[in-house]
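Q:
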Amino acid sequence: MGPKKGGAKDAKASGSKSKEPKESKDDKKKLKPATSINVRHILCEKHSKKEEALAKLNEGAKFDEVAREFSEDKARQGGSLGWKVRGSLIKEFEDLASREFSVRQVDTIFSVPGNPLAFLQSRLWLRYPALSLLAAVACLLPIAAVVTPATISVVLNQDVTTTKGTPPQLYFDPNQYGNLQTLVRADYLGPSSDTTRTAYGSALTGQILPIPASQSNLTYVLDFIGPAVRCEPASARFINDTYTAYRSQISQAGVENEYHYISWVPIAGKKINLTGATGTTLDVVSTDAAHIYIIPNTSVSGPIYVGGMEITSSVDHFGYQDLLDCSLYNASYTAFFNFSHPQQKIDIRSHTFLNPVNVSSDISQWRFSTKSSPNMIKQQAQCISYQSIMEAFGKLLVGYNWNRDGFTVNEATSWNMLSIDWTSRNATQRGLEELFQNITLSMLSVPALTMNETIAEANQVDIIIYRTFNIYAYTPRDLWLAYSIAGAAAFLCVCAGIYAIWRNGGCYQTNFSTFIRVTKDEVLFKYISSNDSGAEPLPKDLAEVRLMLGG
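The sequence shown maps to residues 1 to 551 in UniProt numbering.
What follows is the structure, given as structure tokens:
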């Protein structure tokens, strides 16, 4: 082994012979590029040991026996299986044996399996394609386990199942929908807290409240009977009566204000109850149907008094023609429910008004209906539940809005909190009917207002359940090809590593400069500090020493 530094003379090598003949150029040419060099040495601590080992070799002793007796180098006694890295040493040692390299270049050759960036640290890879190919295989082999599975395509598949189910369905139980007096008397007092809360929640959000669903993604259709309101323009006679009542009420009170929104329900003896002074929100006096009257926000004009004097013409009553009459009806619904987590979509496919419904505060007919038929009891229970929803609807609307001296006052109404276009009669009409529909369907969100499990089991409906799952698709041939190539390359590297161990007589660390420093080779001793233990970093002066392996 002969290191050189700059233009320095060849250093003497230590090994199995004390002197090595200088190689001629002809000798170097004899080393063919494909020749595999097996380097063996005996590392002796003292010169006397070296002479004794040489003597035994000259007497014909076997090299292995002399090495086991005298060598201080423990590397040839074993080491870990080097896999590809050990296999590459065959080619690396062959190149090192026939050419000169700096220590820095040797480090680069041995470090490339663990550091692919070593390909960029030297141009020597361009001169040795076989060595470069083997190093490239070591660097690229792990990619086979990363890229190939990632090429598997994922397809979203949907499974559609039709089955029977028990989604929420309305069940009109007066005890749940209404606040009833049933101990001493049999009276209807008002809507229950569940009914009121649901009506206000739907009205203020402007949508149907979330309905429970047994599956994340499903659809079904419900056909059911429920309450509805039908809003129509009031008759010309009723509009005129309303205007007359308005003038009379204002003139008698001498109020200096102007009303912009008015809603009321008839009370006993007074069909036109403009101010809602009694706080009544349900019509229990009309015999044809329960009514609620609304004059929307269209700048109702009428007689305005200042200091007791009328300052507007008695004929200025435009705005009253927008008066709407909303009546309670029994209606049939066909609704399509589509749940796609986390959203719900409900489409009312058909909505037909069947018959008007009048109501009463006296519920004794239902309470004490022991002799009535089941159908009659069901109709009476339905009517009480309807009027509870109708009164909750009325609580949102009944009242008035008036302006006086530049400020506006709302009296007992939440009309301005609703998502309704009040600027025209047609828009208001549609908005009020849709609001009542939303309130009716929102009752499905409250378990107490729907069928219990026993009743629901007897009224099952068809539901369609959608389940999605991933399907992993790939071409087996491509996968087998990729892994077979990777496996074959790994197997060849293992074989090369085993062969390297056999040819080299042991395993060595891939950092060649560390090997040199740890062995404290006698020739290189002058380049290595006595305090150098072989730890990083590599000394700069040693990094530039040039090496050539000798056989």
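From the three backbone atoms N, C-alpha and C, an ideal C-beta is built for every residue, glycine too.
What does DSSP give as the partner residues of W264 in its beta bridges?
A: The count along the sequence shown starts at 1 and reaches residue 264 at position 264. Bridge partners of W264: Y293.
Q: Counting only the same chain and skipping the five closest in sequence on each side, list residues whose C-beta sits under 7 Å from that of R367.
A: For the purposes of this step, residue 367 is taken as the residue at position 367 of the sequence shown. Same-chain partners within the cutoff: T182, A186.
Q: So if DSSP puts P227 in a beta bridge, which residue, or which two residues, is it bridged to?
A: The residue labelled residue 227 in the question sits at position 227 within the sequence shown. DSSP, once it has assigned bridges, lists N330 as partnering P227.
Q: So what's L538 in DSSP terms, helix, strand or just coil?
A: One-based indexing of the sequence shown puts residue 538 at position 538. Reduced to three states, the DSSP call for L538 is coil.
Q: Please name the residue in L156, Q437, C139 whose C-alpha comes closest to that of Y472.
A: Here residue 472 corresponds to residue number 472 of the sequence shown, with the count starting at 1. Answer by Cα proximity: L156.
Q: Going along the chain, which residues of its own chain have a beta-carbon closer than 8 Å to the beta-carbon of D26, five neighbours each way excluded?
A: Along the sequence shown, one-based indexing puts residue 26 at 26. Summary for D26: the model assigns pLDDT 47, below 50, so the residue's position carries little reliability; its value from the coordinates is reported in the next sentence. No residues qualify anywhere along the chain.
Q: Quickly, what does DSSP pair N410 with across the bridge? List them, please.
A: Reading the sequence shown from its first residue, position 410 is the one you call residue 410. Looking at the DSSP assignment, N410 forms a beta bridge with N401.
Q: So, for Q344: in the same chain, excluding its five sequence neighbours on each side, which residues have a beta-carbon less than 8 Å away from its beta-carbon?
A: As a working mapping, residue 344 is identified with position 344 in the sequence shown. So the list reads I208, P210, I211, A213, F337, N338, once near-sequence residues are dropped.
Q: Measuring CA to CA, which of F238, K164, P113 is closest to Q460?
A: Within the sequence shown, numbered from 1, the residue matching residue 460 stands at position 460. Of the candidates F238, K164, P113, the one whose C-alpha sits nearest the C-alpha of Q460 is K164.
Q: Could you pull out every residue in the same chain whose Cβ sits closer than 7 Å to the Cβ of G431, ignoring the five residues on either side in sequence?
A: As a first step, residue 431 is located in the sequence shown; it is residue number 431 there, counting from the start. Once the five neighbours on either side are set aside, the close Cβ partners of G431 are I420, D421.
Q: Can you name, in chain order, every residue of its own chain whose Cβ lies under 6 Å from the Cβ of C231, other than the five neighbours on each side?
A: Taking the sequence shown and counting its residues from 1, the one referred to as residue 231 is at position 231. For C231, same chain residues with a beta-carbon under 6 Å away, outside a window of 5 residues either side, are L324, C326, Q429, L432, E433 in chain order.
Q: So L180 and I363 are supposed to be a Cβ contact under 8 Å. How far apart are they, rounded?
A: Walking along the sequence shown from the start, residue 180 turns up at place 180. Walking along the sequence shown from the start, residue 363 turns up at place 363. That belief holds up - the Cβ atoms of L180 and I363 are roughly 6 Å apart, short of 8 Å.
Q: By Cβ distance, which residues of its chain are closer than 8 Å to I377, with the 5 residues on each side in sequence left out?
A: Indexing the sequence shown from 1 puts residue 377 at position 377. So the list reads W366, S369, once near-sequence residues are dropped.
Q: Whose C-alpha, out of D283, S442, I239, I295, is nearest the C-alpha of G226?
A: Counted from its first residue, the sequence shown places residue 226 at position 226. When each option's Cα is compared against that of G226, the closest is S442.
Q: Report the CB separation of E391 from G190 in whole angstroms; it is logged as a contact under 8 Å.
A: The residue given as residue 391 occupies position 391 in the sequence shown. The residue given as residue 190 occupies position 190 in the sequence shown. Confirmed, Cβ separation roughly 6 Å.
Q: According to DSSP, is Q343 helix, strand or coil?
A: Residue mapping note: residue 343 aligns to position 343 of the sequence shown, counting from 1. Note: Q343 maps to strand in three-state DSSP.
Q: Output the distance between the C-alpha atoms of P476 and T198, rounded to the nearest integer angstrom.
A: The residue you call residue 476 lines up with position 476 of the sequence shown. The residue you call residue 198 lines up with position 198 of the sequence shown. Whole-angstrom Cα-Cα distance: 57 Å.
Q: For D173 and L444, I'd like the C-alpha separation in whole angstroms.
A: Taking the first residue of the sequence shown as position 1, residue 173 is located at position 173. Taking the first residue of the sequence shown as position 1, residue 444 is located at position 444. Using only the alpha carbons, I get a separation of about 13 Å.
Q: Residues bridged to residue 555 by DSSP?
A: Only positions 1 to 551 of the chain appear in this structure, which leaves residue 555 out of reach.
Q: Using 8 Å as the cut-off, can you tell me whether the stretch 131-141 makes contact with the stretch 108-116, which would need three or more C-beta pairs spanning the two stretches below that distance?
A: Yes, the stretch 131-141 touches the stretch 108-116.
Q: Looking only at its own chain, which residues have a Cβ that is under 7 Å from the Cβ of V160, when we skip the five neighbours before and after it?
A: Reading the sequence shown from its first residue, position 160 is the one you call residue 160. Cβ neighbours of V160 beyond the five flanking positions: I464, Y466.
Q: For D107, name the three-state secondary structure that DSSP assigns.
A: Working through the sequence shown from its first residue, we reach residue 107 at position 107. In this structure, D107 counts as helix in the three-state DSSP scheme.
Q: Between which two residues does the alpha helix (DSSP H) containing Q429 stretch?
A: In the sequence shown, residue 429 corresponds to position 429, counting from 1. 425-442 is the span of the alpha helix (DSSP H), which, as asked, contains Q429.
Q: Taking all protein chains shown into account, do 16 or more other C-beta atoms lie within 10 angstroms of the C-beta of Y474, making it buried, or fewer, making it exposed?
A: As a position in the sequence shown, residue 474 is number 474, starting the count at 1. Classification of Y474: exposed, given that the 10 Å Cβ count is below 16.
Q: Could you check the C-alpha separation between Q321 and L449 for me, to the nearest Å?
A: Here residue 321 refers to the residue found at position 321 of the sequence shown. Here residue 449 refers to the residue found at position 449 of the sequence shown. So the alpha carbons of these two residues sit roughly 38 Å apart.
Q: G114 by DSSP, collapsed to three states: which one?
A: Locating residue 114 in the sequence shown gives position 114, where the first residue counts as 1. Taken through DSSP and simplified to helix, strand or coil, G114 comes out as coil.
Q: When DSSP builds the beta bridges, which residues end up paired with L126?
A: Residue numbering aside, residue 126 sits at position 126 when the sequence shown is read from its first letter. Note: L126 sits in no beta bridge, so no partner.
Q: The beta strand (DSSP E) that contains P191, what's its start and end?
A: Walking along the sequence shown from the start, residue 191 turns up at place 191. 187-191 is the span of the beta strand (DSSP E), which, as asked, contains P191.
Q: Taking all protein chains shown into account, do 16 or more other C-beta atoms lie within 10 angstroms of the C-beta of D288, making it buried, or fewer, making it exposed?
A: Locating residue 288 in the sequence shown gives position 288, counting from the first residue. By the 10 Å Cβ count, D288 comes out exposed.
Q: Based on the DSSP output, what are the partners of Q181 in its beta bridges?
A: Here residue 181 refers to the residue found at position 181 of the sequence shown. DSSP output for Q181 lists D187 as bridge partner(s).
Q: Going by CA-CA distance only, name the one from I346, N217, D283, R104 that's closest to D223.
A: Locating residue 223 in the sequence shown gives position 223, where the first residue counts as 1. Of I346, N217, D283, R104, the residue nearest in Cα terms is I346.
Q: Does DSSP classify Q215 as helix, strand or coil?
A: Indexing the sequence shown from 1 puts residue 215 at position 215. In the structure shown, Q215 sits in coil (DSSP, three-state: anything other than H, G, I, E or B).
Q: Can you tell me whether Q382 is buried or exposed, with buried defined as 16 or more other CB within 10 angstroms of its CB?
A: Taking the sequence shown and counting its residues from 1, one reaches residue 382 at position 382. It counts as buried.
Q: From A427 to V184, what does the alpha carbon distance come to, in whole angstroms?
A: Along the sequence shown, one-based indexing puts residue 427 at 427. Along the sequence shown, one-based indexing puts residue 184 at 184. One C-alpha to the other measures close to 46 Å.
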